[in-house]
Amino acid sequence: MLAAGLGIAAVVCAVLAIRASRLLSAALWLAAVSALVSILLYELGARQVAVIELSVGAGLVTVLFVFAISVAGDDGLREGEALPRWLTVGAVGALLVLLVGMALPLGEVDVNAGGFSIEAMLWDQRALDVLVQIVLIFTGVLCLLGLLAESRLPAQPPTQALTENVERPDALPVEPEPAEPEHEPALEEMPL
Amino acid sequence: MNTIEIVLVAAFALVGVGLYGLLATRNLIKVVIALQIMIKGALLALVMAGRATDQVALGQSLALTVIVADTVVAVIGLAFAVQVKRMRGTLDLHALSELRG
Amino acid sequence: MTDWLIGLTIVLPWVGALAVWMAGDDRAEIQHRLAVVFSVAAGVCSLLLLPSYGDGPALSIEVGSVFGTFTFVPDGLGLFLSAVATVVGSLAVIFSVDYMRGEASLGRYYAQILLFIGAMVGLALSGSLFLMFVFWEITALCSYALIAFYNDDPKAVAGGLRALIITQLGGLGLLAGALIAYAYLGDTQISTFLAQADTLPSGVLAVMAFGALAAAAAKSSQVPFHTWLPGAMEAPTPVSALIHAATMVNAGVYLLARFYPAFASVNGWETAVVIVGLLSAFLAALMALFATDLKRVLAYSTISQLGYMVYAVGVGGVFASQFHLLSHAVFKALLFLAAGAVIHGVGTRDMRQMGGLRKDMPFVRTVFVIGALALAGLPILNGFWSKELVLEDGLHHGPVWAYAGMLLAAGITALYTFRMVWLVFYGERRGEGHAHDAGQAMKLSTGILAAGTLTTWLLAGGFGKMLTESLPFHDLHAPGALDLYETILTAPATYLALAVIAIGLAAWWFRDRLAWVGEAVPWLARAADADFGFEWLNQRIVTATTSAGEALRVTQTGLLNWNVLGIVGGLVIVLAVLALGA
């Protein structure tokens, strides 16, 4: 029952995050989703993952969001609709119906939660994963340094940048001009 | 419905909400938020799948890797958003898109 | 050892392509040298492969599921085509060292030619229908890219696009054939298909047979899909020599020859093939007679000679058609390269501005005349032997009316060949300026090809043996070398053909007296110019494809939301299919 409650609460918070009218509210609802998911993970027996998810997802990422929103400006989301409502709801609804319909019923599964060691798994068998994670973080840092290097990026006035359009390549002529010069009517008339 | 099925449905629902967010939003930061929600759903599904197939440790290790990856994505995505706002003055996707057929 | 050689022959040109591209356009000398080295290395490897012909797969790569196994089978049909592709390819690359000196974007040029050579070898040696399709597509891509090499010239780009669209329709047919074979036989190996072709329902087999004929006609530029080849002459001449004379256009004939045992039993297929070959040979010969652009004459001549090869397959003479393919590859590449030397020296492609070049370009004249004599089918040269063999087979196994048409086409071939040689090299110089003779590399490559023209007919015996022993389904009975020569020399058909050729030559010599013939049929010249109306059909195909492309542009909105919708939609479709199937 706890799992059901947590699950529903997480989905509700997610919906509220998407539909929030201010970016800051959206970020805070995302933090709530993170917290609920982390508790749910703990209930599923993944204790280390839950702790990391809580501190990273609900902590670090939320702080980042708040920082980014404060720098970027919380203009509110006043722009129009991206896609027709029926299309988006219909597509996602169809997807969910198919997924749930195909996955359930699941039948009896063994839900033993004990007798495993995540440290042994992570460091012995999935060592490559750990290496990849390190490389990923390193790459991320490099990307950030490149992105946020202020001195090389002049801030352009918005109107100028927005009116540039990618040039379409010239439409290729569909009718090729006749390649040969005026034809000779009869071969005997060729000058020799 | 046992725990596993409930969690499965919750995971699918989170992914669905995240996808809906990607479909319906025009703000760059909202896009990052929607991606994060999707990844939370994927995390749940991974851990749950590990339990259901008796490969608990593997499921959790993969979940750890996913957390690291999605954090890096969020960080870089937000840095992009900040820079874009600074350079182009708007975070509206429809105004920013120049690449079209 | 064979599997290594096969792998090397395909991979070496590709590595060369990468090397040339990475050398950078500012180091042109290195690019020239790298290209020559890699293409010659590939040629050597393919020649080393020749003795080890067999009928089983030498190299297999398991891919699994619907793609089956990617196999390479070194049988006679494939080995000789790959040898032709690499050897003529290396000679064309050597020629390009002089021809393309000083041109921009050499990296792109050489990389695409080398990519093409590797893909052509793969196509010839492939034993799996899917793998053949993959290499077929790569050759089509390189052909398009090289035709449109001078990409600031709209004619070149339009020519490239048209060639791409029309040959790609054939490629789709090949893919459909592979899928049908997999659906009915569970396996995409060509040997499986040939062995079990009669287990397919006859309607399906007929569809595949005529589809293969259409694909081959499109790729080999036969009637009614032949109008792309003259438009492809915008390519640099070494490209025309390699791709549009010696290798890629032969892929269609190769397709017909390889699948002949499977399709021969389909009602009316052989007759259809004969008709396609006959029409192409005859009409293209007529069009060559009236053309004034040197490369265009050679293009029409290629269509015409390919018509001979297709006709030979139609009457069941697979050995004859492949032998003519070998001879044609050599002498047509020679003619194109020599024409390239002429064009490079004179600066124009229009034959009315040439003339009297025998004084300025003696070496080129010699090699060109050798190639022209082979084209016309004069004795001793390789064209004579192979063309006579084709006509022999046609007389004995095919309908008489077709034989008569091909004989007449042989006469017209002699006529336009002689006309071409006369207009370019003899008579008085009509254009201005001084023509310079060919450079070293040009002389080397054309000289080797001329030597080949004089001698490749000696390979007939070994070639026949190779084909007979390594093609288990074809039931070939290629005669030994001496038998072959004796048969050709003693057959009355040979002398009949020679007489017709002599008439053709004489007709040019006495053209002043025959001028009244030209007066009587002015419509013929106009019709020949308009490609006998087939241009309209091909133009419609190209226009339909490009407008469909333009219409579909609206789906590329560039907006994230639409792209994600596409992803979700695709996922829904896949899941729905899975749900229904399970």
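For the record, the sequence lines run as chains D, A and S.
Letter by letter, the first sequence follows residues 1 to 192 of my numbering.
Letter by letter, the second sequence follows residues 1 to 101 of my numbering.
Letter by letter, the third sequence follows residues 1 to 582 of my numbering.
From the three backbone atoms N, C-alpha and C, an ideal C-beta is built for every residue, glycine too.
These figures come from a predicted structure and were not determined experimentally.
Taking a contact to mean a Cβ-Cβ separation below 7 Å, would you say residue i touches residue j in this structure?
{"i": "S/Ile587", "j": "S/Phe72", "result": "With chain S represented from 1 up to 582, any question about residue 587 of chain S goes unanswered, as that position is not in the structure."}
{"i": "S/Leu306", "j": "S/Ala450", "result": "no"}
{"i": "S/Arg249", "j": "S/Gly314", "result": "According to the sequence as given, residue 249 of chain S is Val; it is not Arg. No. Outside cutoff."}
{"i": "S/Arg296", "j": "S/Gly355", "result": "no"}
{"i": "A/Ile6", "j": "D/Ala3", "result": "yes"}
{"i": "S/Pro74", "j": "S/Thr2", "result": "yes"}
{"i": "S/Phe130", "j": "S/Phe67", "result": "yes"}
{"i": "S/Val253", "j": "S/Met309", "result": "yes"}
{"i": "S/Leu164", "j": "S/Tyr144", "result": "yes"}
{"i": "S/Ala262", "j": "S/Ala197", "result": "yes"}
{"i": "D/Val56", "j": "A/Ile76", "result": "no"}
{"i": "D/Ile118", "j": "A/Gln60", "result": "yes"}
{"i": "A/Asn27", "j": "A/Leu99", "result": "no"}
{"i": "D/Ala82", "j": "A/Ala24", "result": "yes"}
{"i": "S/Met351", "j": "S/Asp437", "result": "no"}
{"i": "S/Val84", "j": "S/Ala441", "result": "no"}
To the nearest whole angstrom, what separates the beta carbons of residue i and residue j, a pair I think is in contact under 8 Å?
{"i": "S/Tyr300", "j": "S/Ala284", "result": "5 Å"}
{"i": "S/Ile180", "j": "S/Met208", "result": "6 Å"}
{"i": "S/Phe548", "j": "S/Thr446", "result": "Correcting the residue type first, residue 548 of chain S is Ala in the shown sequence and not Phe. Between S/Thr446 and S/Ala548 the Cβ distance is about 43 Å, and since that is not below 8 Å, they are no contact."}
{"i": "D/Val61", "j": "A/Thr71", "result": "6 Å"}
{"i": "S/Leu256", "j": "S/Ala216", "result": "5 Å"}
{"i": "S/Leu294", "j": "S/Arg349", "result": "5 Å"}
{"i": "S/Ala374", "j": "S/Asn382", "result": "6 Å"}
{"i": "A/Ala81", "j": "A/Val32", "result": "7 Å"}
{"i": "D/Ala68", "j": "S/Val572", "result": "Contact doesn't hold; Cβ gap of about 33 Å is too wide."}
{"i": "S/Val20", "j": "S/Tyr110", "result": "4 Å"}
{"i": "S/Gly411", "j": "S/Ala402", "result": "Not a contact, Cβ separation roughly 15 Å."}
{"i": "S/Ile501", "j": "S/Ala414", "result": "4 Å"}
{"i": "A/Lys40", "j": "D/Ser34", "result": "7 Å"}
Residue i to residue j, Cα distance in whole Å?
{"i": "S/Ile303", "j": "S/Asp483", "result": "30 Å"}
{"i": "S/Leu454", "j": "S/Gly558", "result": "60 Å"}
{"i": "S/Asp55", "j": "S/Glu535", "result": "41 Å"}
{"i": "S/Gly177", "j": "S/Ala212", "result": "8 Å"}
{"i": "S/Val521", "j": "S/Ser221", "result": "27 Å"}
{"i": "D/Ala10", "j": "D/Leu95", "result": "19 Å"}
{"i": "S/Ala23", "j": "S/Gly107", "result": "8 Å"}
{"i": "D/Ser38", "j": "A/Ala74", "result": "18 Å"}
{"i": "S/Ala140", "j": "S/Met100", "result": "22 Å"}
{"i": "S/Val44", "j": "S/Gly317", "result": "30 Å"}
{"i": "D/Val15", "j": "D/Ile134", "result": "33 Å"}
{"i": "S/Leu79", "j": "D/Val89", "result": "58 Å"}
{"i": "D/Glu182", "j": "S/Gly439", "result": "Its pLDDT being 41, under 50, D/Glu182 is placed unreliably in this model, and the value from its coordinates should be taken loosely. Each residue's Cα considered, the two are about 32 Å apart."}
Looking at the C-beta of residue i, does it have a partner C-beta in chain D at a distance below 7 Å?
{"i": "S/Ala339", "result": "no"}
{"i": "S/Leu294", "result": "no"}
{"i": "A/Ala42", "result": "no"}
{"i": "A/Leu78", "result": "yes"}
{"i": "S/Leu575", "result": "yes"}
Is the shortest distance between the beta-carbon of residue i and the beta-carbons of chain A less than 7 Å?
{"i": "D/Phe138", "result": "no"}
{"i": "D/Leu44", "result": "yes"}
{"i": "D/Gly7", "result": "yes"}
{"i": "D/Glu167", "result": "Residue placement at D/Glu167 is poorly supported in this model, since its pLDDT is 40, which falls under 50; the coordinates are not used for a value here."}
{"i": "S/Asn561", "result": "yes"}
{"i": "D/Thr163", "result": "With a pLDDT of 45 at D/Thr163, under the threshold of 50, the predicted position of this residue should be treated as unreliable, and no value is reported."}
{"i": "D/Asp129", "result": "yes"}
{"i": "D/Pro191", "result": "For D/Pro191, the predicted model reports a pLDDT of 39, less than 50, meaning its position is unreliable; a value from the coordinates is still stated below. Answer no: the Cβ-Cβ gap between D/Pro191 and chain A never drops below 7 Å."}
{"i": "D/Cys13", "result": "no"}
Could one say the Cβ of residue i lies closer than 7 Å to chain S's Cβ atoms, at least one of them?
{"i": "D/Met121", "result": "no"}
{"i": "D/Leu98", "result": "yes"}
{"i": "A/Arg86", "result": "no"}
{"i": "D/Leu41", "result": "no"}
{"i": "D/Leu95", "result": "yes"}
{"i": "A/Ser97", "result": "yes"}
{"i": "A/Leu8", "result": "no"}
Quick test of the definition: if touching needs 3 or more C-beta pairs under 8 Å, does the segment 266–282 of chain S touch the segment 134–154 of chain S? Contact fails: fewer than three Cβ-Cβ distances are below 8 Å.
Are there three or more Cβ pairs, one per stretch, closer than 8 Å when the segment 83–102 of chain S is compared with the segment 229–248 of chain S? yes
Any 3 or more C-beta pairs closer than 8 Å across the segment 148–165 of chain S and the segment 224–234 of chain S: yes
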